[in-house]
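Quick note, the sequence shown lines up with residues 830 to 1516 if you use the numbering used here.
A short write-up of the structure that comes next.
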Amino acid sequence: MSEKPGGPTSAWNGPLLRGAVRDGFRKLDPRVMVRNPVMFVVEVGCVLTTLAWLRDALGSGTPAQPGWFTGGVTLWLWFTVVFANFAEALAEGRGKAQAAAMRGIREGAVARRLLGGREERVPAEALRRGDTVVVEAGELVPRDGEVVEGIASVDESAITGESAPVIRESGGDRSAVTGGTRVLSDRIVVRIVSDPGESFLDRMIALVEGARRQKTPNEIALHVLLTGMTIIFLIACVTLVPLASYSGLRLSLPVVVALLVCLIPTTIGGLMSAVGIAGMDRLIRHNVIPLSGRAVEAAGDVDTILLDKTGTITLGNRMATEFLPASSVGAAELAEAAQLASLADETPEGRSIAVLAKDQFGLRSREFTSADVAFIPFTAATRMSGCAVGGRRIRKGATDAVAAWVRSLGGEMPADVAQAAAEVARAGGTPLAVADDARVLGVVRLKDVVKGGLPERFAQLRAMGLRTIMITGDNPLTAAAIAAEAGVDDFLAEASPEMKLALIRAEQAKGKLVAMTGDGTNDAPALAQADVAIAMNSGTQAAREAGNMVDLDSNPTKLLEVVAVGKQLLMTRGCLTTFSIANDVAKYFAILPALFVAAYPEFGALNLMRLASPLSAVLSAVVFNALVIIALVPLALRGVRYRPLGAAALLRRSLLVYGVGGVIAPFVGIKLIDMVINVALAAAGLA
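This is the structure we're talking about:
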């Protein structure tokens, strides 16, 4: 689902642009326009100036204003409305293109439903919640469900864009399957967990199309502000008519409408919907599906981030990094015994011990016949693994478990080995003891490896005022060491679902917004409580239903990108609002002096731009007002570049770039347009 240059969801491909132009005109329907009060007022003004232009063109009397002025104002006011609709339609169009691709995943799907112990083939749309279906290699999963029997490799690239298959099996946290994915091997039985129209794919299609997108609280507040400003400026423009008449000036309807459109915040009014839709679209292109616009915006206001240690902060697998032999044992002897005990250990930890022994001492794995060796697999009950070879009984495992085994053989744990194990634990590692019969040979240090670059990223988040908390099931000593190395602000050790939920509630009680990720059923309560909850697509159905975002890549570190996109959305809206208001103020300083200087010569000191005439000044402002909207469409879709700076620094930068820029741009733009208009009038003999 990632966007490719020139692809179907690229902002500037031909079909998408043509569709946006068509939708820009379709949205002129007043029933659609009334949802945006600012642009609805502009459309009403368009209708009034159009009627005035037709009256002057068809009437026999002398018009109040030249035809070129009334016609020019009318044309550019319509362009203003269409350009604003075009920006929104272009943002929606990218979602529609993605939705069309998604629909192709499920078209024509057929399911093998189990009914009364026999199979029947039915359309996927006929399935209901609770139905059981069989899916074998090469077949599509017909609808969202949970594996209740079997294990299979599943290709989820149609949903996630990732080519690597994943394993789905009954029980545990890897049982959820998504409709539209393809089974690559074996056979599974799936229980359907959604009715038609309620599947994950259905929700994705609805979301990317924007059909169910609701305004966020900040958007509603901004709409109220813009509506209030529009009403105030409408009153101001209406009262301007008798004031001008008293001064000997006559303000025609097109002039008053043009002044109103230039005063109300049309720039942000025309782009606000596009900004919100584009924010959701950016998350979708990160393969994160927001289940509501509120979640995207909340991500920008997050104060506290909860991160799982394993797979998020660390690489996910503990790796052997050092052999610590007992005082009377050589390191090579310890490595050789640890390698023998790991020959049948297919876990990442076991393989890393064999690799470390090979790298440090040149020891290579050996092959044994069943008569030479008996392997003892790891079990949760014994917490040890090992082997019996040549009369030797070798064990490797948790320190206390190996100590108990050694004592059962009449031996004791040496004090130096116990001390080494304690030091490994205090340093954030995991000690594994190794024994050869009743003789303890030493300890292998296992260590969680912190992902590269994370300490720097956490430092950036801290500079933005965000607090990071690591959640882990490790003991407090290990958790403290990993937290210090990673650079997180705090940690929760030996975390249970109840402890996670209590932590989130405690943070929210302080007035903070909390974000977290999760994939298991035990994460569901905390995900439901968090303000921004990203559920992994590879996780359980309970976790996906509890979250308000779903990460299709199942990458827990994606939470950092989600926060960045949320902040970019808020920054873009704030910067465009700043530019729009500064822009409106500057436009009035540019055109009002030119309009009233004849009646009030004192205004000459404010007529800095020396525009050619009052009518060309007004028309130039209207043209600039329309062009600035279309010029800002790429910024609204792309978003203001996000930089992890503090709030004060971001505010200064916004005021400097978009506040000062919004003041300067109208003076330059209107002056240039005024010069072009007067050159054109002179060429046409109308000057």
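By construction, the Cβ of each residue, glycine as well, lies at the ideal position given by its N, Cα and C atoms.
Just so we're clear, the structure is a prediction, and the values are computed from it rather than from any experiment.
**OP:** Could you have a look at LEU1435 and say whether DSSP puts it in helix, strand or coil?
**Re:** In the displayed model, LEU1435 falls within a helix according to three-state DSSP.
Original post:
Quick one: complete alpha helix (DSSP H) runs, 4+ long, within the segment 946-1006?
Top reply: Listed in chain order, the complete alpha helix (DSSP H) runs (minimum 4 residues) inside the segment 946-1006 are 986-989.
**OP:** Report yes if the C-beta distance between LEU1290 and VAL902 is below 8 Å; otherwise report no.
**Re:** Inclusion of LEU1290 and VAL902 in the CB contact set at 8 Å is not warranted, their separation being larger than that value.
**OP:** Find the nearest neighbour of ASN1366 within the set VAL1379, GLY1129, GLN1358, judged by alpha-carbon distance.
**Re:** Nearest Cα to ASN1366 within the set VAL1379, GLY1129, GLN1358: VAL1379.
**OP:** Figure out for me which residue from GLY848, ARG864, SER1483, LYS1339 has the closest Cα to the Cα of MET1101.
**Re:** Comparing Cα-Cα distances from MET1101 to each of GLY848, ARG864, SER1483, LYS1339, the minimum goes to ARG864.
**OP:** Could you pull out every unbroken beta strand (DSSP E) segment of at least 3 residues lying fully inside the segment 1295-1352, listed in chain order?
**Re:** With a minimum length of 3 residues, the continuous beta strand (DSSP E) runs that stay inside the segment 1295-1352 are 1296-1300, 1319-1321, 1343-1347.
Original post:
Is the Cβ-Cβ distance between GLY1468 and PHE1408 less than 8 Å?
Top reply: Between GLY1468 and PHE1408, the CB-CB gap reaches or exceeds 8 Å.
**OP:** Please look up how many angstroms separate the CB atoms of ALA1103 and ALA1465, rounded, as I've assumed it's under 8 Å.
**Re:** Contact holds; Cβ gap of about 5 Å.
**OP:** Pick out whichever of VAL1391, ILE1459, ASN1304, PRO1025 has its Cα sitting closest to the Cα of ASP1130.
**Re:** Distances from the CA of ASP1130 to each of VAL1391, ILE1459, ASN1304, PRO1025 were compared; the closest alpha carbon is that of VAL1391.
Original post:
Are LEU1136 and MET1299 touching if we call contact CB-CB under 8 Å?
Top reply: In this structure, MET1299 lies closer than 8 Å to LEU1136 by Cβ.
Original post:
If you follow the alpha helix (DSSP H) that ALA938 is part of, which residue opens it and which one closes it?
Top reply: Where ALA938 is concerned, there is no enclosing alpha helix (DSSP H), given that its DSSP letter is neither H nor E.
Original post:
What number of angstroms, rounded off, separates the C-alpha of PRO1154 from the C-alpha of GLN1189?
Top reply: The C-alpha of PRO1154 lies about 14 Å from the C-alpha of GLN1189.
**OP:** Could you round the C-beta distance between VAL1273 and VAL1246 to whole angstroms and report it? I think they count as a contact, below 8 Å.
**Re:** About 11 Å separates the beta carbons of VAL1273 and VAL1246, which is beyond the 8 Å limit, so they are not a contact pair.
**OP:** Would you kindly check if the distance between the Cβ of PHE1152 and the Cβ of ALA1167 is under 8 Å?
**Re:** For ALA1167 and PHE1152, yes; Cβs fall inside 8 Å.
**OP:** Grab me the residues of GLU872's own chain with a C-beta within less than 8 Å of its C-beta, minus the 5 sequence neighbours each way, in chain order.
**Re:** Same-chain partners within the cutoff: LEU857, PRO859, MET862, VAL910.
Original post:
Alpha carbon to alpha carbon, how far is TYR1429 from GLY1395?
Top reply: When rounded, the distance between both Cα atoms is 49 Å.
Subject >> Extent of the continuous beta strand (DSSP E) to which THR1150 belongs >> reply: Where THR1150 is concerned, the enclosing beta strand (DSSP E) stretches over 1148-1154.
**OP:** Determine contact between the segment 976-984 and the segment 996-1010, defined as no fewer than three beta-carbon pairs at a distance below 8 Å.
**Re:** Segment contact: the segment 976-984 against the segment 996-1010, three or more CB-CB distances shorter than 8 Å; contact assigned.
Original post:
Taking one C-beta from the segment 1211-1231 and one from the segment 1169-1187 each time, how about it: are there three or more such pairs within less than 8 Å?
Top reply: Taking 8 Å as the limit for Cβ pairs, the verdict is that the segment 1169-1187 does touch the segment 1211-1231.
Original post:
Apart from the five residues just before and just after GLY1498, which ones in its own chain have a Cβ nearer than 6 Å to its Cβ?
Top reply: For GLY1498, same chain residues with a beta-carbon under 6 Å away, outside a window of 5 residues either side, are PHE1453 in chain order.
**OP:** Output the distance between the C-alpha atoms of LEU1479 and ASP1503, rounded to the nearest integer angstrom.
**Re:** One C-alpha to the other measures close to 35 Å.
**OP:** Determine, using beta-carbon pairs with one atom in the segment 1433-1446 and one in the segment 1116-1131, whether at least three such pairs fall under 8 Å.
**Re:** Note that the segment 1433-1446 does not touch the segment 1116-1131; fewer than 3 beta-carbon pairs, one per stretch, sit closer than 8 Å.
Original post:
Do you know how far the Cα of ASP1266 is from the Cα of ALA1217?
Top reply: Approximately 10 Å, taken between the alpha carbons.
Original post:
Per DSSP, what kind of secondary structure is LEU1456 in: helix, strand or coil?
Top reply: It is helical.
Original post:
Since GLY1271 is in the beta strand (DSSP E), which residue starts that stretch and which ends it?
Top reply: From DSSP, the beta strand (DSSP E) with GLY1271 extends over 1268-1276.
**OP:** Less than 8 Å between the CB atoms is what I'm expecting for LYS1276 and THR1150, so what's the real figure, rounded?
**Re:** Separation of the CB atoms of LYS1276 and THR1150 is rounded to 5 Å, and the pair is thereby assigned contact status at 8 Å.
**OP:** Find out if the Cβ-Cβ distance for the pair THR1406, LEU1051 is shorter than 8 Å.
**Re:** Taking a C-beta distance under 8 Å as the contact criterion, THR1406 and LEU1051 qualify as a contact pair.
Original post:
Is LYS1138 near THR1301, with beta carbons less than 8 Å apart?
Top reply: Result yes, Cβ atoms of LYS1138 and THR1301 sit closer than 8 Å.
Original post:
Quick one: what does DSSP say PRO1430 is sitting in, helix, strand or coil?
Top reply: Residue state, collapsed to three classes: helix.
**OP:** Give the single residue among VAL1084, ARG1255, VAL1451, GLY1488 whose Cα lies nearest to the Cα of TRP907.
**Re:** Out of VAL1084, ARG1255, VAL1451, GLY1488, VAL1451 has the C-alpha closest to the C-alpha of TRP907.
**OP:** Just the C-alpha distance for LEU1238 and ARG1221, rounded to the nearest angstrom, thanks.
**Re:** ARG1221 has its alpha-carbon roughly 13 Å from the corresponding atom of LEU1238.
Subject >> Nearest residue (CA-CA) to PHE898, options ARG1439, SER1014, VAL1086 >> reply: The residue from ARG1439, SER1014, VAL1086 with its alpha-carbon nearest to that of PHE898 is VAL1086.
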